[in-house]
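Protein chains in written order, with our numbering: chain A, 1 to 503; chain B, 1001 to 1503. Just so it is clear, CB atoms sit at the ideal spot from N, CA and C, and this is done for glycine as well. All figures in this text were calculated on a predicted structure; none of them were measured in a lab. What follows is a short report on a single structure.
Protein chains: 2
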Amino acid sequence: MFKHSQLESVKAWIAHPAHAGMPLHARIQRAVRQLIVDGALGPGKLLPASRALSKSLGVSRDTVEAAYSQLHAEGFIDRRVGSGSFVAQITEFAPGRRISQRDALLRNQAPSLSKRGSAMFRSGGVREMLIPRPFAHGVPETRTFPLQSWERLERQVRKEAGVQTLLHGDPQGTEPLRRAIADYVNLERGARATADRVLVLTSSQQALSLCANMLLDPGEAIFIEDPAYYGARKAFDAAGLECVPIRLDRQGLVIEQIIADPQRAKAVFLTPSHQFPTGATLALDRRLALIEWASRHQAWIIEDDYDSEFHYAGKPTACVQGLDPHDRTIYIGTFTKSLFPGLRIGYAVLPPQLVKPMTAARTLLDGHTAPMAQLTLARFMEGGHFGAHVRSMRSVYAERLDVLDRLIDKHLSGFVEARVPTGGLQMPCVLTGDLPERAAIDAARRVGIELLGLSALHATGKTKAGFLMGFAAYTPSEIEIAVRKLADTFTALKRGSASMRNH
Amino acid sequence: MFKHSQLESVKAWIAHPAHAGMPLHARIQRAVRQLIVDGALGPGKLLPASRALSKSLGVSRDTVEAAYSQLHAEGFIDRRVGSGSFVAQITEFAPGRRISQRDALLRNQAPSLSKRGSAMFRSGGVREMLIPRPFAHGVPETRTFPLQSWERLERQVRKEAGVQTLLHGDPQGTEPLRRAIADYVNLERGARATADRVLVLTSSQQALSLCANMLLDPGEAIFIEDPAYYGARKAFDAAGLECVPIRLDRQGLVIEQIIADPQRAKAVFLTPSHQFPTGATLALDRRLALIEWASRHQAWIIEDDYDSEFHYAGKPTACVQGLDPHDRTIYIGTFTKSLFPGLRIGYAVLPPQLVKPMTAARTLLDGHTAPMAQLTLARFMEGGHFGAHVRSMRSVYAERLDVLDRLIDKHLSGFVEARVPTGGLQMPCVLTGDLPERAAIDAARRVGIELLGLSALHATGKTKAGFLMGFAAYTPSEIEIAVRKLADTFTALKRGSASMRNH
Chain A
1 MFKHSQLESV
11 KAWIAHPAHA
21 GMPLHARIQR
31 AVRQLIVDGA
41 LGPGKLLPAS
51 RALSKSLGVS
61 RDTVEAAYSQ
71 LHAEGFIDRR
81 VGSGSFVAQI
91 TEFAPGRRIS
101 QRDALLRNQA
111 PSLSKRGSAM
121 FRSGGVREML
131 IPRPFAHGVP
141 ETRTFPLQSW
151 ERLERQVRKE
161 AGVQTLLHGD
171 PQGTEPLRRA
181 IADYVNLERG
191 ARATADRVLV
201 LTSSQQALSL
211 CANMLLDPGE
221 AIFIEDPAYY
231 GARKAFDAAG
241 LECVPIRLDR
251 QGLVIEQIIA
261 DPQRAKAVFL
271 TPSHQFPTGA
281 TLALDRRLAL
291 IEWASRHQAW
301 IIEDDYDSEF
311 HYAGKPTACV
321 QGLDPHDRTI
331 YIGTFTKSLF
341 PGLRIGYAVL
351 PPQLVKPMTA
361 ARTLLDGHTA
371 PMAQLTLARF
381 MEGGHFGAHV
391 RSMRSVYAER
401 LDVLDRLIDK
411 HLSGFVEARV
421 PTGGLQMPCV
431 LTGDLPERAA
441 IDAARRVGIE
451 LLGLSALHAT
461 GKTKAGFLMG
471 FAAYTPSEIE
481 IAVRKLADTF
491 TALKRGSASM
501 RNH
Chain B
1001 MFKHSQLESV
1011 KAWIAHPAHA
1021 GMPLHARIQR
1031 AVRQLIVDGA
1041 LGPGKLLPAS
1051 RALSKSLGVS
1061 RDTVEAAYSQ
1071 LHAEGFIDRR
1081 VGSGSFVAQI
1091 TEFAPGRRIS
1101 QRDALLRNQA
1111 PSLSKRGSAM
1121 FRSGGVREML
1131 IPRPFAHGVP
1141 ETRTFPLQSW
1151 ERLERQVRKE
1161 AGVQTLLHGD
1171 PQGTEPLRRA
1181 IADYVNLERG
1191 ARATADRVLV
1201 LTSSQQALSL
1211 CANMLLDPGE
1221 AIFIEDPAYY
1231 GARKAFDAAG
1241 LECVPIRLDR
1251 QGLVIEQIIA
1261 DPQRAKAVFL
1271 TPSHQFPTGA
1281 TLALDRRLAL
1291 IEWASRHQAW
1301 IIEDDYDSEF
1311 HYAGKPTACV
1321 QGLDPHDRTI
1331 YIGTFTKSLF
1341 PGLRIGYAVL
1351 PPQLVKPMTA
1361 ARTLLDGHTA
1371 PMAQLTLARF
1381 MEGGHFGAHV
1391 RSMRSVYAER
1401 LDVLDRLIDK
1411 HLSGFVEARV
1421 PTGGLQMPCV
1431 LTGDLPERAA
1441 IDAARRVGIE
1451 LLGLSALHAT
1461 GKTKAGFLMG
1471 FAAYTPSEIE
1481 IAVRKLADTF
1491 TALKRGSASM
1501 RNH
């Protein structure tokens, strides 16, 4: 028999909006189970007869019977003919199993993560803006994406491949996409790729994580650029690597430090096309010297060519991978910036000896990439849509970069100096006045403008304060509105701090 | 000027079928670049005049000019008015930079992976059959999947969300899908989930890898079932964990060993609904005792409910997560088996305190899951299609299990004994005759039949030889053909080994 409070608790459970999706008998079963699990109904306790409970709850007897048989099937109650239903004799069903004081305390504490887990949590992860607003960086324009062509190709793939697209895919990636990627990087990036050296992944982030784990052990060192792309540094930190920062100049990575201490690290990570965040292009002689170092010391070059599609002044320099006859370079590319972030396809062009190991590792991490998206993308590339889209966005972005540069000159010249890059989706700006970087970024965020501070990207203290401004995803008029707002904000900030000093 | 052999090499490069996709000027540029990079044309060497080269190659002078300007832009050549074009003075362009003997040797050796990378490679990864054939396990029937309904929902999503689906998605998963998953596991699996505790992932494999890394450090121990699901064991090995095998009986995991040495491991991994590979369902009292252990020692329960949708005898027991008031259980589910493998959506229902850390870690590993697939799946669930599909496949699979059981009894009773499970997509069979497991599996593979050996799934030597037979993806007549073929194969094998003994 139920106490009044128990009956009320069952009724409350049944009526709770969160349980509205469940059939009535399931709700009754779950409500009674809750009383048992929480210890409110101890082992051996008699349950109300189904007739009585059905009356109390105003439901049919069959409904209560259905609930009781499920409780019985799951082992929560015993049913004896003629005697009724009893809570099973399971010692764990004891009073006080309700959430204890200790549990409640622990729940509010830090979770018991592993050391590496805590470090990953503390890093904050790699957060992207869900709805891009000026001047969030690294986001392409997607509002004008030729979605209809994409959908048409999707329908073609479904028509031809049908339920085949539902099966497990090749963990290395579907062959047509690997071929299309190889053709593309050979033609446009001067790479030396073949379809059997391409590994299709979810994103360049996954490629970085895979490299970090497969090529280096915890405690081993990797050379990185200083300043560096935060997503790469976090992936290396997460893998327990020691990041050794290497200085940059206008020609990119200053490789003397690597040459001076060549065995310090087993790998180097770099963004040679448009260095993140400075935008510098690595000079040819340095590319070759790096290859020489890697070959001599059997080290690895991890080349992240994340936005090389968008080069505005002349042709982009050929990638390092294409210059490397020694197969020491892993080339990483992504469609997140050249097509759209929701696609979730990135890739690596691997030295032949890494293809099997990396593919095996990928199956351990998450399996493979959805075949449907891969096959659609392959057609999009084969049919020339990809090339056409990149060309058209290249001129759109070149114009937006130009607009941003001119507007900064017009409205923000008292605060910052733009460092116009030759390519990419963002422009670094160096603070020239006495506005502190943190204050400028915080003030901008308060008026809905995103800026990525440069200081935090530097490993060493020797850094120019400033921020990165993404321009690709915003129309000229959106850019103008945001720059004017930024000018007002900075002016107010300056006036405020001046008046603070005067008082 | 080119030597004859150099000109021939340029011509060969241009004519190579692999370069057919490139414009002519790009092919010429790349061919000359190759001569420079390989050291065949040393620093300072004069190149043929564009007019001369255009004649030799039979192309227009503009084409050669385009190739030369790109070489110049990339820094490979210097151009002096009136004097011509010269290979740039870069010391790395020296003879003998062709692939050296040492490189060639190294290339054939084992790649220089990290220790953990080598271990992951050696594990062989988690390979799935690309085109399922009897009796590959863990594969659902996809040939009858209601693809038209799915595509209709896809079109709806595109119509309503449009280019919004192209943006970065919430790394935790889109809200509608998280809500649909929470409703589903609450209703069907007796879980206690809310949308804000669901983390959408690529696969259950990714959930396992995430748990292994976030909850335990290398060298720490995790209790696993013996025998165990190989994908989980490999994920734990890859994370550097020590797997401590726990014996099973007909009621599932024998938890005495855990209770006897409760602090030996910080976590336990189990498949309580239909244990992989035995098919046993974990008894209720053991579920509760496990929760008690986890609560007392602040340990984690990793519950993999990979195929709980397909339970054929009565209702499946409520999941451990729903019985755990202490928030020590991580519930892992997947749509790979209930819908189709190519979807690439799995999920975890997390204790509240793990939601933020696990989501951050996921952004470091690969970012997030494609929004389009998530939104379509959410509608498929909300609209009742998922429930209907699971119900319909449940009766299809129940029949196929029955067919397989009867056919084994009829044709294979001299060799194996079937252990009919109450659910899941595969049935274990124990070898009863003197056929060795390895020989049986190899002979089956030679006639195109896949069997997964049971011995390799055991950590300890105490194991019954046998194999796992997947039945879900094959029609009754496909099952019959394969069983008969297997019977012939085993009979021939037995006769062969008997005649070997007699000679």
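query: For residue 1095(B), which of helix, strand or coil comes out of DSSP?
result: Caution applies to residue 1095(B), whose pLDDT of 45 falls short of 50 and renders its modelled position unreliable; the value that the coordinates give is listed next. Residue 1095(B): coil per DSSP, three-state reduction.
query: What residues from the segment 26-37 of chain A come within 8 Å of chain B, judged by C-beta to C-beta, listed N to C?
result: 26, 30, 33 and 37
message: Could you check whether the Cβ of residue 1123(B) sits closer than 8 Å to any Cβ belonging to chain A?
response: yes
query: Using the rule of at least 16 other Cβ atoms within 10 Å of the residue's Cβ for burial, across every protein chain shown, is residue 1492(B) buried or exposed?
result: exposed
- prompt: So, is residue 96(A) buried or exposed, given that buried needs 16 or more other C-beta atoms within 10 angstroms?
  reply: Reliability of the predicted coordinates at residue 96(A) is poor, the pLDDT of 45 falling under 50, and the value obtained from them is presented with this limitation in mind. So residue 96(A) ends up on the exposed side.
- prompt: Would the segment 1286-1299 of chain B and the segment 1254-1273 of chain B be scored as touching if the rule is three or more Cβ pairs under 8 Å?
  reply: yes
message: I'd like to know whether the C-beta of residue 1512(B) is nearer than 8 Å to at least one C-beta of chain A.
response: Residue numbering for chain B in the displayed model covers 1001 to 1503; residue 1512(B) lies beyond these limits and cannot be assessed.
message: Beta-carbon within less than 8 Å of residue 80(A)'s beta-carbon, same chain only, minus the 5 sequence neighbours each way: which residues are those?
response: 86
query: In or out: residue 144(A) buried (at least 16 other Cβ within 10 Å) or exposed?
result: exposed
- prompt: What is the C-beta distance between residue 1374(B) and residue 1194(B), in whole angstroms, given that I count them as a contact (C-beta under 8 Å)?
  reply: Incorrect: roughly 17 Å between the Cβ atoms, too far for contact.
task: Compute the Euclidean distance between the alpha carbons of residue 443(A) and residue 232(A), then round it to the nearest angstrom.
output: Taking the straight line joining both Cα atoms gives about 28 Å.
- prompt: Of the residues 471(A), 396(A), 453(A) and 382(A), which one's Cα is nearest the Cα of residue 420(A)?
  reply: 471(A)
- request: Following the continuous beta strand (DSSP E) through residue 467(A), name the residue where it begins and the one where it ends.
  value: 466-470
query: Can you check whether the CB of residue 1214(B) is closer than 8 Å to the CB of residue 113(A)?
result: yes
- prompt: For residue 223(A), which of helix, strand or coil comes out of DSSP?
  reply: strand
- prompt: For residue 1304(B), which residues in chain A fall below 7 Å Cβ to Cβ?
  reply: Simply none; closest approach about 15 Å.
query: Quick one: what's got a C-beta closer than 7 Å to residue 98(A)'s C-beta in the same chain, skipping five residues either side?
result: Note on residue 98(A): pLDDT 49, under 50, position unreliable in the model; no value is reported.
Stretch-stretch touch, CB-based, cutoff 8 Å, three pairs: the segment 1472-1479 of chain B with the segment 1146-1158 of chain B: no
- prompt: Is residue 1043(B) close to chain A, meaning its C-beta is less than 8 Å from at least one C-beta of that chain?
  reply: no
query: Among the residues of its own chain, which have a CB less than 7 Å from the CB of residue 439(A), if the five just before and after it don't count?
result: Here the set comprises 493.
message: List, in chain order, every chain A residue whose beta-carbon is nearer than 7 Å to that of residue 1206(B).
response: 365 and 366
query: Between the Cα of residue 317(A) and the Cα atoms of 1408(B), 1017(B) and 1026(B), which residue gives the shortest distance?
result: Residue 1026(B) is the option with its Cα nearest to residue 317(A).
- prompt: Does the pairing of the segment 445-465 of chain A with the segment 376-387 of chain A give three or more beta-carbon distances under 8 Å?
  reply: no
task: Could you tell me whether the Cβ of residue 1314(B) comes closer than 8 Å to any Cβ of chain A?
output: yes
- prompt: With DSSP run on the structure shown, which of helix, strand or coil describes residue 1276(B)?
  reply: coil
field: CA-to-CA distance, residue 433(A) to residue 414(A), given in whole angstroms
entry: 7 Å
Contacts that residue 1130(B) makes with chain A (C-beta to C-beta distance below 9 Å): 167, 168, 169 and 170
task: Work out the CA separation of residue 88(A) and residue 75(A) for me, nearest whole Å.
output: 7 Å
- prompt: residue 423(A) by DSSP, collapsed to three states: which one?
  reply: strand
message: When you compare the CB of residue 1263(B) with every CB in chain A, is at least one pair closer than 8 Å?
response: no
query: So with Cβ pairs under 8 Å, would you call residue 12(A) a contact of chain B?
result: no
query: CA-CA distance, residue 1354(B) and residue 1330(B)?
result: 9 Å
- request: For residue 1022(B), decide whether its Cβ has a neighbour in chain A, counting only Cβ atoms nearer than 8 Å.
  value: yes
- request: Using a Cβ cut-off of 8 Å (strictly closer), state whether residue 1223(B) contacts chain A.
  value: no
task: Using a Cβ cut-off of 7 Å, pull out every chain A residue sitting near residue 1073(B), in sequence order please.
output: 314 and 315
- request: Go through its chain and collect everything with a Cβ distance to residue 424(A)'s Cβ below 7 Å, but skip five positions before and after it.
  value: 274, 279, 307 and 310
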